[in-house]
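The block underneath contains the structure these notes are about, expressed in structure tokens.
Protein chains in written order, with this note's numbering: chain A, 1 to 275; chain B, 1 to 298.
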């Protein structure tokens, strides 16, 4: 397993483009997080300090940081897609197999790398949130600090799931640009299914339930938007805005299911393909 | 003799097209094999199948004693298919390091093999800055990293300039002289004739011939003759049962042998008959003529 990760890391880190993208996808959310946590003085007129809003309080900070950081996954998605696209365009996938890598090992080396980077990203966000929280949070009892730490797990699963989807599209289409375009097509397709099931069942509620099973929506749904929750914490009387923002085990199970399917299909594709 | 590769009734279909049809042959240790065939005769497909990049339709093949999985066996094989495929943004050294990681070979081999193909002074240049000849030599270095039991080369001189072709051929001969088994696919006949001891001839995916190169050229050869007394010479040749067809082109007489006979014995025979030869050459048909005969007949 280490050999396979090592192999893939060499391929990735010696390329400048990939290095920049990886840097952006990991360091940028980190920087944004730190910047937003410091007090910004607008020329003496007023000071903006997001910490004052209470969004850096435990446990809500886990929810907020993971939600916003997950948008930066698109940068690494480009890396995932191009690491397959380049293997095809350089024909190095063929040479790798001839040199004695099995098809299974080839897919696994990509998958392990995805897991590796998702883990690094999760750890970075985790540590950053923890430190900022310690600094700003009004509550610092251990039980409160670690109360909603499952958002980190959700974040990790979300990244792995999304990158596996990218991996599958890239294996399917062999071209980076097509694979990225397909992500967008899938997004539209999921809304079409939503519309279709709305027509079929007649209620938006049912249609949402169907859409929650689809790949992109199920990944998005892992970490619900935190805006309503911020408002509720600020104004506890607005209880009509209450919604279910927790991370549920079945949400994680759906995404893990898709992940397994995408990796398996990628392997099947490669196995049956003549290179 | 140790068997390196056995192929049994291998067939590959691409839709309607049958690229390889019921092909069987065996590769033994220590020989230099050539796979000959016109473009599109299934050479690359056959190599692709045994190298794990093309799926077979039916039949089977086994590496070595048949107990190793294909991808493990490939770690003991060195192969280049068509064009050299490397990561353009990595240097020669880094590319070979990656191959070492895949094959599980020690990094110390890299410099040794780069030295062999004369690329050591360019080892830190990026692959994309290499000329085609250099790329092909790097590919050979990469294939040799694991000191393979067998080296498989598919059209290794394709697209190279005469100098490059010469360098690659010298390299192949050098490798063969070290006792490495080589399997060389090519449509260039003189290439195969110059370096191979055994040959497999393919046409449209079917095997036409497999065996030793010198046995493929099965005739006993022919004499090219000139003499003052031309008509007497022709009479003497036609009367002799050792000769088959006798052709005359101007002054030059070509006489094909039915039985083996060396030039000096023939010269002596003619001298005894009072015919003095002014020109005597014994030749064998070239592989090219044999190959064209084989591939045209069917």
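Note that the Cβ used here is the ideal one computed from N, Cα and C, for glycine as well. This structure is a prediction, so every number in the text was calculated from the model and none was measured.
(request) Please report the Cβ distance between residue 146 of chain B and residue 76 of chain B, rounded to the nearest whole angstrom; I am assuming they are in contact, meaning their Cβ atoms lie under 8 Å. (result) Looking up residue 146 of chain B in the second chain gives position 146. Looking up residue 76 of chain B in the second chain gives position 76. Contact holds; Cβ gap of about 7 Å.
(message) Using a 10 Å radius around the Cβ and a threshold of 16 neighbouring Cβ atoms, would you call residue 106 of chain B buried or exposed?
(response) Within the second chain, residue 106 of chain B is the residue found at index 106, counting from 1. By the neighbour-count rule (16 or more Cβ atoms within 10 Å), residue 106 of chain B is not buried but exposed.
(request) Give the straight-line distance between the Cα atoms of residue 243 of chain A and residue 204 of chain A, rounded to the nearest whole angstrom. (result) The residue given as residue 243 of chain A occupies position 243 in the first chain. The residue given as residue 204 of chain A occupies position 204 in the first chain. Roughly 16 Å separates the two Cα atoms.
(request) Please check the pair residue 157 of chain A and residue 222 of chain A, which I expect to be a contact at CB under 8 Å, by giving their CB distance rounded to whole angstroms. (result) Translated into positions along the first chain, residue 157 of chain A becomes position 157. Translated into positions along the first chain, residue 222 of chain A becomes position 222. Indeed, because the Cβ distance is near 6 Å, the residues count as touching under 8 Å.
(request) Anything in the region 230-250 of chain B with a Cβ closer than 7 Å to a Cβ of chain A? List those residues in chain order, please. (result) none
(request) State the Cα-Cα distance for the pair residue 99 of chain A and residue 139 of chain B, rounded to the nearest angstrom. (result) Within the first chain, numbered from 1, the residue matching residue 99 of chain A stands at position 99. Within the second chain, numbered from 1, the residue matching residue 139 of chain B stands at position 139. If you take the alpha carbons of residue 99 of chain A and residue 139 of chain B, they lie about 11 Å apart.
(request) Assign residue 58 of chain B to one of two classes, buried (16 or more other C-beta atoms within 10 Å of its C-beta) or exposed (fewer than that). (result) Here residue 58 of chain B is taken as the residue at index 58 of the second chain, counted from 1. So residue 58 of chain B counts as exposed.
(message) Along the region 7-32 of chain B, where does the CB come closer than 9 Å to a CB of chain A? Name the residues.
(response) 12, 14
(message) Since residue 191 of chain B and residue 212 of chain B should fall inside the 8 Å C-beta cutoff, what is the C-beta to C-beta distance between them, to a whole number of angstroms?
(response) Your numbering for residue 191 of chain B matches position 191 in the second chain. Your numbering for residue 212 of chain B matches position 212 in the second chain. Their Cβ separation, rounded to whole angstroms, is 17 Å, which puts residue 191 of chain B and residue 212 of chain B out of contact at 8 Å.
(request) Kindly list the residues whose CB is nearer than 6 Å to the CB of residue 35 of chain B, restricted to its own chain and excluding five residues on each side of it in sequence; keep chain order. (result) Counting from one through the second chain, the residue named residue 35 of chain B turns up at place 35. Closer than 6 Å at the Cβ level, and outside the excluded window around residue 35 of chain B, lie 43, 185, 200.
(message) Suppose only complete runs of 4+ residues qualify. What are the alpha helix (DSSP H) ranges in the region 147-177 of chain B, listed by chain order?
(response) 162-177
(request) Please name the residue in B:151, B:129, B:267 whose C-alpha comes closest to that of residue 51 of chain B. (result) Here the question's residue 51 of chain B lines up with position 51 in the second chain. When each option's Cα is compared against that of residue 51 of chain B, the closest is B:151.
(message) Counting only C-beta atoms, is residue 98 of chain A closer than 7 Å to chain B at any point?
(response) Position 98 of the first chain, counting from 1, holds the residue named residue 98 of chain A. Judged by the 7 Å Cβ criterion, residue 98 of chain A is in contact with chain B.
(request) Taking only beta-carbon positions, decide if residue 109 of chain A is within less than 7 Å of chain B. (result) Along the first chain, one-based indexing puts residue 109 of chain A at 109. It does not: the Cβ of residue 109 of chain A has no partner Cβ on chain B nearer than 7 Å.
(request) Could you list which residues in chain B have their beta carbon closer than 7 Å to that of residue 19 of chain A, in chain order? (result) Mapped onto the first chain, residue 19 of chain A falls at position 19. In chain order: nothing, as chain B lies at least about 10 Å away.
(request) Output, in chain order, the set of chain B residues within a Cβ distance shorter than 7 Å of residue 3 of chain A. (result) Counting from one through the first chain, the residue named residue 3 of chain A turns up at place 3. Neighbours of residue 3 of chain A on chain B, chain order: 101.
(message) So the candidates are A:202, A:183, A:81, A:54; which of them puts its Cα closest to the Cα of residue 235 of chain A?
(response) Counting from one through the first chain, the residue named residue 235 of chain A turns up at place 235. Selected option, being the one with the closest Cα: A:54.
(message) Considering Cα atoms alone, identify which of A:124, A:93, A:180 is closest to residue 109 of chain A.
(response) Here the question's residue 109 of chain A lines up with position 109 in the first chain. Closest by alpha carbon: A:93.
(request) Spell out whether any CB of chain A is found under 7 Å from the CB atom of residue 164 of chain B. (result) Residue mapping note: residue 164 of chain B aligns to position 164 of the second chain, counting from 1. Not one chain A Cβ lies under 7 Å of residue 164 of chain B.
(message) Quick check: the Cα distance between residue 160 of chain B and residue 172 of chain B, rounded to an integer number of angstroms?
(response) Stepping through the second chain from its first residue, residue 160 of chain B is reached at position 160. Stepping through the second chain from its first residue, residue 172 of chain B is reached at position 172. Each residue's alpha carbon lies about 15 Å from the other.
(message) Below 8 Å, how does it come out for the region 137-151 of chain A and the region 188-196 of chain A: are there three or more Cβ pairs, yes or no?
(response) no
(message) I want to verify the contact list: residues of chain B whose CB lies under 8 Å from the CB of residue 94 of chain A, in sequence order.
(response) For the purposes of this step, residue 94 of chain A is taken as residue 94 along the first chain, with counting starting at 1. What residue 94 of chain A touches in chain B: 53, 81, 85.
(request) Kindly indicate which three-state DSSP category residue 6 of chain A falls into: helix, strand or coil? (result) Locating residue 6 of chain A in the first chain gives position 6, counting from the first residue. Correct three-state label for residue 6 of chain A: helix.
(message) So, with DSSP's three-state summary, where would you put residue 333 of chain B?
(response) Coverage of chain B is limited to positions 1 through 298, which leaves residue 333 of chain B absent and any answer about it impossible.
(message) Would you say residue 269 of chain A lies against chain B (beta-carbon separation less than 7 Å)?
(response) Position 269 of the first chain, counting from 1, holds the residue named residue 269 of chain A. For residue 269 of chain A, the answer is no, since every Cβ of chain B falls outside 7 Å of its Cβ.
(request) Determine which residues of the region 163-192 of chain A have a Cβ less than 8 Å from any Cβ of chain B, and write them out in chain order. (result) none
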